[in-house]
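*Asks:*
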Amino acid sequence: MARTLSLLGATGSIGASTLDLIRRNPSDWQVDTLTANCSAKELAMLAREFGAKTAVVGDEACLSELRDALAGSGIEAAGGAQALCDAAARPVDMTVAAIVGCAGLAPTMSAVQRGGTIALANKEALVSAGDVMTSAVARHGATLLPTDSEHNAIFQCLAGSNIEDVARITLTASGGPLRTWSKEQIEAATPAQAVAHPNWSMGAKISVDSATMMNKGLEYIEAHHLFPVGLDRLKIVVHPQSVIHSMVEYRDRSTLAQLGPSDMRVPIASCLAWPARMETPLEPLDLAKIGELTFFAPDEDRFPATRIAREAIEAGGAAPATLNAANEVAVEAFLAGHIGFTRITALVEDTLQRYNAPAPSALEEVLAIDGEARQYAREALACYA
Ligand code: NDP
């Protein structure tokens, strides 16, 4: 029988990879809801193609365009922040959370609160909400399936094992497009250079995060919440080929690694089919052709983001949500050409130093911290520009 699915962030990179898999297995899935922010025409086209019941734009100003594009289809159109949460609360077998940024937090929490099964790509939601989200998952009996390739790899390597037997979890990092650049070259990196990832094709925000290594910092915090082995057992290693997606070492010194092509359809398929497996259209991994797998320690002098993220999760309280909010403001400013590349992590660090708040205990408090931290970051930004 076909399983029902809602896809939050259908018009993005993860959205496209998810829909590609569904397109290849049409009898397995019935698409219930598709969402976007303002790509109304594209969303309407997808909703028609997949026979969705509802299509929602986060930006209410784009609702009339969505309505026009859906005219005569019988597909319900809605818009605005509350409409996204209402859509995410609809009862479906699987919710794919693939909105970018903290904007995805409230809809993801709606899916959690109805006890759903959620394939979580939207790492910023978990970084910002942390314990608020994981305790809601436990309270409402929801299931989080990690979709980020590293966390999905760890999830697969942990299958059937006792977390107390884990000696170390190692997140692999490609190092991004600027990995081999000197400090002076990094200082002058342009948005086009920063988004040109050597191994992965992704949305603009995560591509910049990969270049600064903040992506790995966010993933470090994400891993801490998903796999609570303690921060001292969480490590990062740079692995430029992106073949090993992460590793789990057990206390007998046996290390399990998950390998695969650098294509998000692999971890997405793992979540969609979980606990079974499904076909993907990808070529088998050809290790002889790849030839060499290399590993390096992260260079936190040229790329301070992983240190900043580690300090933020060690500090706890409002720091992880502040880090995420400031990073979103900084990446947006960098992509718009308002600040230089190295100002991204500088702005995050400045904001963490200037803004503090008690640890959030509810969604509303996380959203308040996110809003206030953005305000602080924007004020600091005015001095940089
Ligand atoms: P994209 O920028 O490609 O897509 C983002 C999606 O979110 C689009 O559908 C966009 O709609 C929607 N969106 C953006 N802002 C809002 C908003 N304010 N309200 C509602 N919807 C919004 O991002 P990616 O697909 O690259 O990434 C999505 C998430 O998955 C991120 O959290 C990222 O870190 C994570 N991830 C991505 C990977 C990848 O390979 N791309 C790998 C691992 C994790 P619209 O088109 O209208 O703007």
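Using the working numbering, you'd call the opening residue of the sequence shown number -16 and step up by one each time. Ideal Cβ placement from N, Cα and C applies to all residues, glycine included.
Shortest alpha-carbon distance to R97 belongs to which of A340, T78, V226, A30?
*Replies:* Of the listed residues, the one whose Cα sits closest to R97 is T78.
*Asks:* With a 10 Å radius around its C-beta and 16 neighbouring C-beta atoms as the bar for buried, classify G87 as buried or exposed.
*Replies:* Answer is buried; the Cβ neighbour count reaches 16.
*Asks:* Let me check one thing: in DSSP terms, what residues is G62 bridge-paired to?
*Replies:* DSSP, once it has assigned bridges, lists V40 as partnering G62.
*Asks:* Rounded to whole angstroms, what's the CA-CA distance from M230 to V220? Just pull it up for me.
*Replies:* The alpha-carbon atoms of M230 and V220 are separated by roughly 10 Å.
*Asks:* Rounded to the nearest angstrom, what separates M116 and A271 at their Cα positions?
*Replies:* Computed Cα separation, rounded: 42 Å.
*Asks:* Going by DSSP, what residue range makes up the beta strand (DSSP E) through L242?
*Replies:* Counting along the chain, the beta strand (DSSP E) containing L242 begins and ends at 238 to 242.
*Asks:* If you reduce the DSSP assignment to three classes, tell me which class I152 lands in.
*Replies:* Three-state DSSP puts I152 in a strand.
*Asks:* Do we get a CB-CB distance below 8 Å when we pair R97 with the residues of chain C?
*Replies:* Note that chain C does not occur in the displayed structure, where there is just one protein chain.
*Asks:* Assign F33 to one of two classes, buried (16 or more other C-beta atoms within 10 Å of its C-beta) or exposed (fewer than that).
*Replies:* Flag for F33 reads buried.
*Asks:* So which of K24, D131, P181 has the shortest CA-CA distance to T(-6)?
*Replies:* T(-6) has its Cα closest to that of K24, out of K24, D131, P181.
*Asks:* Are the beta-carbon atoms of A136 and Q224 separated by less than 8 Å?
*Replies:* Contact flag unset, no.
*Asks:* Skipping 5 residues on each side, what residues in its chain have a beta carbon closer than 7 Å to that of T289?
*Replies:* Contacts found: M196, K199, G200, Y203, I219, P281, E283.
*Asks:* According to DSSP, is Q176 helix, strand or coil?
*Replies:* Three-state DSSP puts Q176 in a helix.
*Asks:* DSSP on Q13, reduced to helix/strand/coil?
*Replies:* The answer is strand: DSSP assigns Q13 an E or B state.
*Asks:* How many angstroms separate the CA atom of A319 from the CA atom of T173?
*Replies:* Spanning the two alpha carbons is a distance of roughly 10 Å.
*Asks:* Is T91 near the ligand NDP, with its Cβ less than 7 Å from a heavy atom?
*Replies:* For the ligand NDP, not one heavy atom lies less than 7 Å from the Cβ of T91.
*Asks:* When the Cα of R312 is compared with those of W257, K188, A259, D235, which residue comes out closest?
*Replies:* Reading the sequence as shown, one finds Val at residue 312 and not Arg. If we check each option's Cα against that of V312, K188 comes out closest.
*Asks:* By how many angstroms is the C-alpha of L214 removed from the C-alpha of L127?
*Replies:* Distance between the alpha carbons of L127 and L214 is about 20 Å.
*Asks:* Under 8 Å, with one C-beta from each stretch per pair, do the segment 231 to 239 and the segment 161 to 179 reach the 3-pair mark?
*Replies:* The segment 231 to 239 is not in contact with the segment 161 to 179.
*Asks:* Is Y338 helix, strand or coil by DSSP?
*Replies:* Here Y338 sits in coil by DSSP.
*Asks:* For T238 and F210, I'd like the C-alpha separation in whole angstroms.
*Replies:* Near 16 Å, if we compare the C-alpha coordinates of F210 and T238.
*Asks:* What does the alpha-carbon distance come out to for the pair L217 and T305?
*Replies:* In a straight line, the C-alpha of L217 is about 21 Å away from that of T305.
*Asks:* Spatial neighbours of P287 within its chain, please: CB distance less than 6 Å, with the 5 preceding and 5 following residues excluded, ordered by chain position.
*Replies:* Correct list, in chain order: T328.
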